[in-house]
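Protein chains: 2
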Amino acid sequence: MDNKVLVIEDEHEIREMLNFTLTRAGFSVCEADSAEAALGQLDGPLPDLLIIDWMLPGMSGVELARRLRQDEHTANLPMIMLTARGEETDKLKSFDSGMDDYLTKPFSPKELIARIRALLRRTGTPENGVIACGPVRLDLNAHKLSVDGQAVKVGPTEFRLLELFMRNPDRAFGRAQLLDRVWGRSIYVEERTVDVHVLRLRKTLKPHGVDQLIQTVRGVGYRFSPA
Amino acid sequence: MDNKVLVIEDEHEIREMLNFTLTRAGFSVCEADSAEAALGQLDGPLPDLLIIDWMLPGMSGVELARRLRQDEHTANLPMIMLTARGEETDKLKSFDSGMDDYLTKPFSPKELIARIRALLRRTGTPENGVIACGPVRLDLNAHKLSVDGQAVKVGPTEFRLLELFMRNPDRAFGRAQLLDRVWGRSIYVEERTVDVHVLRLRKTLKPHGVDQLIQTVRGVGYRFSPA
DNA sequence: GTTTGCTGTCATGGATTCGTCATAATTCTG
DNA sequence: CAGAATTATGACGAATCCATGACAGCAAAC
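Chains as they are written, first to last, in this note's numbering: chain A, 1 to 227; chain B, 1 to 227.
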């Protein structure tokens, strides 16, 4: 567990309720009380899933979803929309705006949790908090990396970098992409910095003989390839 | 076994029935005939689980639940709500469902017991009220900590902190998360305060050589890791 | 009233991690 | 093979984060 969920909801009470329900279900929760606030938060490291209220002051939930879908950075984020009862048009608009699922208020916490789990499963987000690849184990709950069952120390940034790699094996990332998804887009750092961190990651993996999992794709960036 | 259950129910007959059923199943039962009476009892040592009737004279069960959730002291108490058939309104289902589960009357004793057991298991309430990890024993009933069978004095906050850690071993918590779950939301304290309490906890554990169970996860927070 | 114990905050210092650069090494292109 | 482009690597100052001790407020106990 320990997947991060961002709740975008203006009504304080409902936000509280969602936070409580989700926290108890083992998720880590962030809140935003408007679409604008959400956009701000999404500049940083991305959550695993969004819950968006349809009715928001200022930019509506539908509009927010549409904008997120158009942005490459957030295009693949799983989203669940909350709508008021019986508004058929809402449903249509929701799916139209690229929503993955929707829930009509009032809903039961059980149903909410079930849908979230289903969605995370469907979109391939690992749920158990452990990503393993051969002898490499990344425990997201404990925030621990181990190779061959042996704990390996690694800095925060390299941890997030490895996490991204292991979540998307066999996929090449450009440096700009890596900066976006690991550092967050509101931060400006040199692209070459990525090289250094990849180097450091390799260096910590080297003594265990698994440093070749991270391969450089010349002219493009890097890739994590299971043997 | 021997978990304490507080039954909050105004109808005398149903209370009797519940008491009988629960006692026979091996629980220790307390009763309250109103929300107000329940609040009084909850000032003392906490039970492991609450059973709340939705319809109560004076403060309703829903209102009671909401208040309990806002109080750090009782925020994490497992709760089961009893509703009459047809009372199963929208409100119950959505807003006030900090409730972990609910049962519609009439229900079978077997079902009630099953749900209670499931809930206790799910929320990680140890059946005997003692969490042990190696030489460290945390007695939740007596509110006592001992290492190697030797009593160790520890403040209330550090006790709750250690309790959270031991209930979730090998899981990293952020400072905000710890504040939420140990201090309770709606309280504002500096995040750095967590550091101090972790320090104090380590300090009290140090003479027994088990202070390294609590590890810091740089850039994230802290973690309790057996061995 | 006094004492004791607990709590939250702060300042300081130390350790780790980060980002950048300069330079060496590698790969590609013609 | 030479030259250009791209990446690897080591070093270093800056920034960040955490541990620690001190201190004042507060409440309960004496």
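Ideal placement from N, C-alpha and C gives every residue a C-beta, glycine not left out.
Nothing here was measured: the structure is a model prediction, and the numbers come from that model.
Neighbour flag for Arg-177(B) against chain A, beta carbons, 8 Å: Taking the second sequence and counting its residues from 1, the one referred to as residue 177(B) is at position 177. Looking at the sequence provided, one finds Gln at residue 177(B) rather than Arg. Closer than 8 Å: yes.
Cross-chain neighbours of Gly-219(B) in chain A, by beta carbon under 7 Å: Here the question's residue 219(B) lines up with position 219 in the second sequence. Result: Pro-156.
Residues that DSSP places opposite Ser-28(A) in a beta bridge: Numbered from its first residue, the first sequence carries residue 28(A) at position 28. Per DSSP, the beta bridge partners of Ser-28(A) are Lys-4(A).
Start-to-end residues for the beta strand (DSSP E) that takes in Gln-150(B): For this step, residue 150(B) is matched to residue 150 along the second sequence. Membership of Gln-150(B) in the beta strand (DSSP E) is indicated by the continuous run 150-152.
Residues bridged to Lys-144(A) (per DSSP): Here the question's residue 144(A) lines up with position 144 in the first sequence. Beta-bridge partners of Lys-144(A) (DSSP): Asp-139(A).
Thr-157(B) beta carbon less than 8 Å from that of Val-182(B): Here residue 182(B) refers to the residue found at position 182 when the second sequence is read from its first residue. Here residue 157(B) refers to the residue found at position 157 when the second sequence is read from its first residue. Taking 8 Å as the Cβ cut-off, Val-182(B) and Thr-157(B) qualify as a contacting pair.
Chain-ordered chain A contacts of Arg-223(B) [CB-CB under 7 Å]: Start at 1 with the first residue of the second sequence, and residue 223(B) comes out as number 223. The answer, in chain order, is Ala-142, His-143.
Segment contact, 8 Å Cβ cut-off, at least three pairs: the stretch 57-71 of chain A with the stretch 14-32 of chain A: No: the two stretches stay apart, fewer than three of their Cβ pairs being nearer than 8 Å.
Under 7 Å by beta carbon: chain B residues contacting Ser-28(A): Counting from 1 along the first sequence, the entry for residue 28(A) is found at position 28. Near Ser-28(A) (Cβ distances below 7 Å), the residues of chain B are Gln-177.
Spatially closest choice to Cys-133(A) from Gly-149(A), Thr-123(A), Arg-192(A), by CA coordinates: Numbered from its first residue, the first sequence carries residue 133(A) at position 133. Nearest of Gly-149(A), Thr-123(A), Arg-192(A) to Cys-133(A), Cα basis: Gly-149(A).
Environment of Gln-177(B) [buried if 16+ CB atoms lie within 10 Å]: Position 177 of the second sequence, counting from 1, holds the residue named residue 177(B). Residue burial annotation: Gln-177(B) is buried, with at least 16 other C-beta atoms found within 10 angstroms of its C-beta.
is_contact[Asp-195(B), chain A] using C-beta, thresh 8 Å: What you label residue 195(B) is simply residue 195 of the second sequence in a count that begins at 1. Answer no: the Cβ-Cβ gap between Asp-195(B) and chain A never drops below 8 Å.
Proximity of Ile-113(B) and Asp-53(B) at Cβ, strictly below 8 Å: Taking the second sequence and counting its residues from 1, the one referred to as residue 113(B) is at position 113. Taking the second sequence and counting its residues from 1, the one referred to as residue 53(B) is at position 53. In this structure, the beta-carbon distance from Ile-113(B) to Asp-53(B) does not fall below 8 Å.
Terminal residues of the alpha helix (DSSP H) in which Gly-184(A) lies: Against the first sequence, residue 184(A) aligns to sequence position 184. Unbroken run through Gly-184(A): none, as it is neither H nor E.
Gly-40(A) - containing alpha helix (DSSP H), residue span: One-based indexing of the first sequence puts residue 40(A) at position 40. First-last of the alpha helix (DSSP H) with Gly-40(A): 35-41.
Collapsed DSSP secondary structure at Leu-56(B) in the structure displayed: On the second sequence, residue 56(B) is found 56 positions in, with the first residue counted as 1. In the structure shown, Leu-56(B) sits in coil (DSSP, three-state: anything other than H, G, I, E or B).
Exposure label - Met-1(B); buried when at least 16 CB within 10 Å: Numbered from its first residue, the second sequence carries residue 1(B) at position 1. Note on Met-1(B): pLDDT 47, under 50, position unreliable in the model; no value is reported.
Buried/exposed call for Tyr-188(B), threshold 16 Cβ in 10 Å: Counting from 1 along the second sequence, the entry for residue 188(B) is found at position 188. Exposed, because fewer than 16 other Cβ atoms sit within 10 Å of the Cβ of Tyr-188(B).
Exposure of Glu-163(A), with buried meaning 16 or more beta-carbon neighbours within 10 Å: Locating residue 163(A) in the first sequence gives position 163, counting from the first residue. Buried.
Residues near Leu-119(A) in its chain [Cβ-Cβ closer than 7 Å; skip 5 each side]: Residue 119(A) sits at position 119 when you count from the first residue of the first sequence. Closer than 7 Å at the Cβ level, and outside the excluded window around Leu-119(A), lie Leu-49, Pro-78, Ile-80, Asp-100, Asp-101.
6 Å CB neighbourhood of Ala-37(A) in its chain, flanking five on each side removed: The sequence position of residue 37(A) within the first sequence is 37, counting from 1. Contacts found: none.
Helix, strand or coil at Ile-214(B) [DSSP, three-state]: The residue you call residue 214(B) lines up with position 214 of the second sequence. In the structure shown, Ile-214(B) falls within a strand segment according to DSSP collapsed to helix, strand and coil.
Straight-line gap, Glu-191(A) to Arg-223(A) (C-alpha atoms, nearest Å): As a first step, residue 191(A) must be located in the first sequence, where it is residue number 191. As a first step, residue 223(A) must be located in the first sequence, where it is residue number 223. Between Glu-191(A) and Arg-223(A), the C-alpha separation is close to 16 Å.
Cβ-based contacts, 7 Å cut-off: residues of the stretch 161-172 of chain B near chain A: Among the residues of the stretch 161-172 of chain B, those with a Cβ less than 7 Å away from any Cβ of chain A are Asp-170, Arg-171, Ala-172, in the order of the chain.
Asp-139(B) versus Gly-26(A) - alpha carbon distance: Here residue 139(B) is taken as the residue at index 139 of the second sequence, counted from 1. Here residue 26(A) is taken as the residue at index 26 of the first sequence, counted from 1. Going from the Cα of Asp-139(B) to the Cα of Gly-26(A) covers about 24 Å.
Classification of Phe-173(B) by the beta-carbon crowding that lies within 10 angstroms, buried from 16 upward: The residue given as residue 173(B) occupies position 173 in the second sequence. Answer is buried; the Cβ neighbour count reaches 16.
Length of the line joining the Cα atoms of Asp-180(A) and Ile-131(A): Looking up residue 180(A) in the first sequence gives position 180. Looking up residue 131(A) in the first sequence gives position 131. Straight through space, the alpha carbons of Ile-131(A) and Asp-180(A) are spaced by roughly 22 Å.
Enclosing beta strand (DSSP E) for Thr-157(A) [first to last residue]: Within the first sequence, numbered from 1, the residue matching residue 157(A) stands at position 157. The continuous stretches of beta strand (DSSP E) do not include Thr-157(A), which lies in the alpha helix (DSSP H) extending over residues 156-167.
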